[in-house]
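Asker: The following block contains the structure, expressed as structure tokens.
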Amino acid sequence: MLKFSDDVIIALETGAPIVALESTIISHGLPRPRNHAVALELEAAVREAGAVPATIAVLDGVPCIGLDRKGLERIAGDEGMRKLGHRDLPVAVATGASGATTVSATAYLAARAGLRVFATGGLGGVHRGWTDEQDESADLRLLAGTRITVVCAGVKSILDVPATLQRLETLGVTVVGYGTTEFPGFYLSGSGQPVDWTVRTPDEAACVMAAQDDLDGPPSAVILANPVPEHEQLDPALHDRVLAEALAAAEREGVTGQAVTPFLLGHLVEHTGGASLEANLAAVRGNVRLAAQVAVAWTERGA
Ligand code: PSU
Ligand code: MN
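Each number in the numbering used here corresponds to the 1-based position in the sequence shown with 11 added.
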């Protein structure tokens with residue numbers, strides 16, 4: 012059912028560290044053609060840190076754990092790539108469709124494949140205006156039932172961050188700040204919301220994962236929330252202004268469903284003169300590097 016890349020097969024056999032990487036951020040979250048260079052760069056960063064990258068996507072109905080050159084090219088270049096949440100997987104497989112996987116679908120497939128560490132940009136969550144329109148990313152519920160460690164820069168700041176943190180609490184998802192007591196704000200280093208727990212080294216993160224296994228409680232993710240460095244964040248005043256415009260534009264144009272997140276991210280890139288893209292990339296790079304370090308620490312524990 013799953014197709015593994017050669018590198019991932021070897022890594023699984025030898026117990027080498029592996030980092031799962033999400034593909035929707037490549038296909039729908041970043042502009043072409045830069046997205047392809049980024050996909051390659053992220054894989055290289057994982058390797059540099061001593062782990063094996065496994066970018067996850069569905070190609071011609073086959074869930075792939077690790078992509079070859081051609082697969083990465085398709086994800087980045089093919090405008091027809093669908094955006095697949097975990098609920099879309101059965102249909103994509105049955106119909107032979109191709110698509111990039113969101114956090115929910117990637118985490119699901121990674122866990123099925125036996126991977127434990129996953130890096131992305133920012134999680135989906137509860138959208139602003141949720142009191143009127145029920146838009147909550149499937150990422151949250153899936154993470155509540157999946158034992159995987161997700162390294163991210165918090166949740167996308169286009170969301171209602173306090174409401175999302177509240178949902179994560181209700182759902183029983185462990186949230187830990189990496190070197191911070193403030194929940195990160197995706198494009199911004201901080202969201203203004205506190206985070207209850209902090210770890211400061213990859214090994215401490217791996218200890219949390221080991222304790223999770225020892226306790227053997229309900230299967231749930233650990234969110235390792237890793238802020239973008241302050242000198243690389245988007246200017247907060249610019250962020251707030253352009254985001255308000257983006258939200259208004261989405262409302263005016265009647266954007267709904269899966270299209271909302273790519274629309275808002277695209278609007279921000281365009282109207283910040285690309286500055287939001289640089290902050291997004293800085294966040295993702297940092298997450299991928301940290302995820303690789305955590306994966307290395309995790310395998311060194313002999314888990
Ligand atoms: N993080 C990014 N860019 C993205 C996303 C996350 O830096 O494009 C994607 C992820 O795939 C996430 C999805 O799972 O947005 C959430 O979309 P929705 O709100 O439709 O569930
Ligand atoms: Mn949604």
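Glycine included, C-beta positions come from ideal geometry on N, C-alpha and C.
(1) For Ala31, which option in Gly82, Gly107, Thr66, Thr112 has the closest C-alpha, if you only look at C-alpha atoms?
(2) Return helix, strand or coil for Phe197, following the three-state DSSP convention.
(3) Would Thr272 be called buried (16 or more neighbouring beta carbons within 10 Å of its own) or exposed?
(4) Suppose the cutoff is 8 Å on Cβ atoms and the five residues either side in sequence are ignored; what does the same chain contact list for Glu84 look like?
(5) Evaluate the contact criterion for the stretch 57 to 71 versus the stretch 15 to 32: three or more CB pairs, one atom per stretch, below 8 Å.
(6) What does DSSP give as the partner residue(s) for Tyr119 in the beta ladder?
(7) Suppose you measure from the CA of Gly313 to the CA of Ala303; what does that come to, to the nearest Å?
(8) Among Asp150, Glu59, Leu70, Pro173, which residue has its Cα nearest to the Cα of Ala306?
(9) If you drop the 5 nearest sequence neighbours on each side, which residues of the same chain put their C-beta closer than 7 Å to that of Val253?
(10) Taking 7 Å as the line, does the beta carbon of Asp146 fall inside it for any heavy atom of ligand 2?
(11) Taking the DSSP output, what are the residues bridged to Pro205?
(12) Quick check on the contact list: which residues have their beta carbon closer than 5 Å to a heavy atom of ligand 1?
(13) Taking the DSSP output, what are the residues bridged to Thr185?
(14) Is the distance from the Cβ of Gly132 to the Cβ of Gly40 below 8 Å?
Answerer: Working from what's here:
(1) Position 20 of the sequence shown, counting from 1, holds the residue named residue 31. Nearest of Gly82, Gly107, Thr66, Thr112 to Ala31, Cα basis: Thr66.
(2) Looking up residue 197 in the sequence shown gives position 186. Note: Phe197 maps to coil in three-state DSSP.
(3) For the purposes of this step, residue 272 is taken as residue 261 along the sequence shown, with counting starting at 1. Buried, because 16 or more other Cβ atoms sit within 10 Å of the Cβ of Thr272.
(4) Here residue 84 corresponds to residue number 73 of the sequence shown, with the count starting at 1. The beta carbon of Glu84 sits closer than 8 Å to those of His47, all from its chain and outside the five residues before and after it, given in chain order.
(5) With the cut-off at 8 Å, the stretch 57 to 71 and the stretch 15 to 32 touch.
(6) On the sequence shown, position 108 is the one that residue 119 refers to. Tyr119 is not bridged to any residue.
(7) Translated into the one-based positions of the sequence shown, residue 313 becomes position 302. Translated into the one-based positions of the sequence shown, residue 303 becomes position 292. In this model, Gly313 and Ala303 are separated by some 16 Å (Cα to Cα).
(8) Residue numbering aside, residue 306 sits at position 295 when the sequence shown is read from its first letter. It is Glu59.
(9) For the purposes of this step, residue 253 is identified with residue 242 of the sequence shown, where counting begins at 1. Excluding its 5 nearest sequence neighbours in each direction, Val253 has C-beta neighbours in its own chain below 7 Å: Leu279, His282, Thr283, listed in chain order.
(10) Along the sequence shown, one-based indexing puts residue 146 at 135. Because some heavy atom of ligand 2 lies under 7 Å away, the Cβ of Asp146 counts as near it: yes.
(11) Position 194 of the sequence shown holds residue 205. Beta-bridge annotation (DSSP): Pro205 is paired with Glu193.
(12) Counting every residue whose Cβ lies closer than 5 Å to a heavy atom of ligand 1, we get Thr35, Ile36, Gly40, Thr113, Val114, Gly132, Gly133, Gly135, Ser148, Asp150, Gln269, Thr272.
(13) For this step, residue 185 is matched to residue 174 along the sequence shown. In the DSSP assignment, the residues bridged to Thr185 are Val233.
(14) Here the question's residue 132 lines up with position 121 in the sequence shown. Here the question's residue 40 lines up with position 29 in the sequence shown. Gly40 sits close to Gly132, with the two beta carbons spaced by under 8 Å.
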